[in-house]
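> Note that my numbering gives residue 383 to position 403 of the sequence shown, counting from 1, and the numbers run on in steps of one.
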Amino acid sequence: TGLYEDVHGVVSNQMFDPKTNVTFDSSGNMTNGDWWPHRTIWSINEKRNGARSGVLGWPQELIRISKFQPFSRKTPFRDLIDQVLHWFNDPNEPINFGSIYFFEPDLTGHKTGPYSQNMTKVVRDCDEHLGYLLDKIDANENLRKNLHLIVASDHGMEQVNGTDHPLYIEDYIDTRKAKAYGVPPAMNIFVESKNDIDHVLKNLSKIPHSQSYRKKDIPERYHYKNSERIGDILLVFEPGYEILRDPRYGGKKYDLSLTHGNHGYDNRHDSMKAIFYATGPQLKQNFTLDNSSTLHNVDLFGLMCLLLNIDKCPPSNGSLENIKSFFIEPSRVANMNRSLQQTTIDFVIYSIALLGIVLIAVMAIVWSAISLRSMFAIRNSSRNNPAKNTQHNQYEFSPINRQNLSSQVDHAQV
-19 TGLYEDVHGV
-9 VSNQMFDPKT
1 NVTFDSSGNM
11 TNGDWWPHRT
21 IWSINEKRNG
31 ARSGVLGWPQ
41 ELIRISKFQP
51 FSRKTPFRDL
61 IDQVLHWFND
71 PNEPINFGSI
81 YFFEPDLTGH
91 KTGPYSQNMT
101 KVVRDCDEHL
111 GYLLDKIDAN
121 ENLRKNLHLI
131 VASDHGMEQV
141 NGTDHPLYIE
151 DYIDTRKAKA
161 YGVPPAMNIF
171 VESKNDIDHV
181 LKNLSKIPHS
191 QSYRKKDIPE
201 RYHYKNSERI
211 GDILLVFEPG
221 YEILRDPRYG
231 GKKYDLSLTH
241 GNHGYDNRHD
251 SMKAIFYATG
261 PQLKQNFTLD
271 NSSTLHNVDL
281 FGLMCLLLNI
291 DKCPPSNGSL
301 ENIKSFFIEP
311 SRVANMNRSL
321 QQTTIDFVIY
331 SIALLGIVLI
341 AVMAIVWSAI
351 SLRSMFAIRN
361 SSRNNPAKNT
371 QHNQYEFSPI
381 NRQNLSSQVD
391 HAQV
């Protein structure tokens, strides 16, 4: 959508809507589109004659677009790749936009933490899957010449050391007067009576390694205060610490006495930063944003609108200034508005003619210690003479990698 959480309203994996008095949990509610009413890039793409979208792995169970396959952990990543490429090559109704979501290495990161041997293996597997995708694209002349590929992730991962004494929110609030919704690193606290907010805040201040904010005092950089689904108080933990809603919650998935992983902490921390790689005929090669440059996931909406040649893109919180340096011919985007409005949303009209075929592959997470692979390096490398494994921090990558990758994954590589 290109929107911040407090605009599109999906503020957590578990959230409460005071308007409807309904609770959402990511383990269910996927058929109810009321939780996400805003238009997505794939639905916007389909508004034009001849344009078709294909989506694999979106958690919502039903999407009304040309090609759709719901999320399933039983589907191997390479099957997802084969399916989306089949849609692109459909002789009768080919798609011009495709999206793949894969749940690793997020799942393993949660179970064993980002620095475990299990995680190293899973990241290597994901790297090989990405190599498989690139090989398939290179083998198809049409895709090789016309496809824009974007590889992104939605968050990082922080290690949480095991403990036999986890914290529980019910030990710090009277659950008759206040309710907590959210995930262990960050929770929204809804207080029944506004007169009790100060008292609840005082009790929450006793929780170690945490910070509590009144809704009006939530830092602006969070973009997390303008939705009714955000509580009267936001409780945020330092990286590596967490709190549970009740004793039952912790036992559902993981043994909290063991080292595991989590995300949802302040995104200023390196461990929360994601990756961005892109390649395609309209994008520069061997180009990396430096430390002074900023790229946010909301900016990718505008990038995809441009690559898809969508003339009238809906309002967004992203900035076009953050993406126009990617293009081979920046002058072609000179007539765009300076940015997609970040505070007060305006309608933005683009008048650009770019190739309109895009595939975005979203890996569940890639944390700050790991970059998957350099797109331009893979395209220019010889698969018949792979270099020796390269050591990157504590992770050893597969032979298909020819170059050391930057450890600064908050940089964007194109």
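Ideal placement from N, C-alpha and C gives every residue a C-beta, glycine not left out.
Quick check on the DSSP output: the beta strand (DSSP E) that includes residue 149 runs from which residue to which?
Counting from 1 along the sequence shown, the entry for residue 149 is found at position 169. It is not in any beta strand (DSSP E) - residue 149 carries neither H nor E in the DSSP assignment.
> Looking only at its chain, what residues have a beta carbon closer than 6 Å to the beta carbon of residue 141, apart from the 5 residues adjacent to it on each side?
Position 161 of the sequence shown holds residue 141. The answer, listed in chain order, is 239.
> Give the secondary structure of residue 138 by DSSP, where H, G and I count as helix, E and B as strand, and everything else as coil.
For the purposes of this step, residue 138 is taken as the residue at position 158 of the sequence shown. Strand, per DSSP.
> Beta-carbon within less than 8 Å of residue 96's beta-carbon, same chain only, minus the 5 sequence neighbours each way: which residues are those?
On the sequence shown, position 116 is the one that residue 96 refers to. Result list for residue 96: 88 and 239, in chain order.
> Which of helix, strand or coil does DSSP assign to residue 3?
In the sequence shown, counting from the first residue as 1, residue 3 sits at position 23. Three-state result, residue 3: strand.
> With a Cβ-Cβ cutoff of 9 Å, do residue -18 and residue 298 count as a contact?
Counted from its first residue, the sequence shown places residue -18 at position 2. Counted from its first residue, the sequence shown places residue 298 at position 318. Their beta carbons are under 9 Å apart, which means residue -18 touches residue 298 by this criterion.
> Which first and last residues belong to the beta strand (DSSP E) in which residue 35 is found?
In the sequence shown, the residue the question calls residue 35 occupies position 55. Looking at the DSSP string, the run of the beta strand (DSSP E) that includes residue 35 is 33 to 36.
> Could you tell me which of 214, 197 and 139 sits nearest to residue 221, measuring between CA atoms?
Locating residue 221 in the sequence shown gives position 241, counting from the first residue. With distances taken between Cα atoms, residue 221 lies closest to 139.
> Inspect the CB distances between the stretch 209 to 225 and the stretch 150 to 164 and report whether three or more fall short of 8 Å.
Contact between the stretch 209 to 225 and the stretch 150 to 164 is present, because at least three Cβ pairs lie under 8 Å.
> Is residue 282 helix, strand or coil when you go by DSSP?
The count along the sequence shown starts at 1 and reaches residue 282 at position 302. In the structure shown, residue 282 sits in a helix (DSSP, three-state: H, G or I).
> In terms of residue numbering, what span does the beta strand (DSSP E) encompassing residue 78 cover?
Translated into the one-based positions of the sequence shown, residue 78 becomes position 98. Here the beta strand (DSSP E) through residue 78 covers 77 to 82.
> Just to check my reading of the structure: residue 209 and residue -4 have Cβ atoms closer than 8 Å, yes? What is that Cβ distance to the nearest angstrom?
Working through the sequence shown from its first residue, we reach residue 209 at position 229. Working through the sequence shown from its first residue, we reach residue -4 at position 16. Yes, they are in contact, since the Cβ atoms of residue 209 and residue -4 sit about 7 Å apart, within 8 Å.
> Taking only the alpha-carbon atoms, compute the straight-line gap between residue 56 and residue 197 and give it to the nearest angstrom.
Your numbering for residue 56 matches position 76 in the sequence shown. Your numbering for residue 197 matches position 217 in the sequence shown. Each residue's alpha carbon lies about 44 Å from the other.
> Does DSSP put residue 111 in a helix, in a strand, or in coil?
The sequence position of residue 111 within the sequence shown is 131, counting from 1. Helix, per DSSP.
> Where residue 22 and residue 118 are concerned, what is the direct C-alpha to C-alpha distance, given to the nearest angstrom?
Translated into positions along the sequence shown, residue 22 becomes position 42. Translated into positions along the sequence shown, residue 118 becomes position 138. So the two alpha carbons sit approximately 24 Å from each other.
> Excluding five sequence neighbours on each side, which residues of the same chain lie with their C-beta closer than 7 Å to the C-beta of residue 275?
Residue 275 sits at position 295 when you count from the first residue of the sequence shown. Excluding residues within five positions, the ones whose Cβ falls inside 7 Å are 256, 269, 302 and 392.
> Can you list, in chain order, the residues of its chain with a C-beta nearer than 8 Å to that of residue 59? Leave out the 5 residues immediately preceding and following it.
Locating residue 59 in the sequence shown gives position 79, where the first residue counts as 1. Result list for residue 59: empty, nothing under 8 Å.
> Give the straight-line distance between the Cα atoms of residue 206 and residue -14, rounded to the nearest whole angstrom.
Here residue 206 refers to the residue found at position 226 when the sequence shown is read from its first residue. Here residue -14 refers to the residue found at position 6 when the sequence shown is read from its first residue. If I take the Cα positions, the gap works out to 5 Å.
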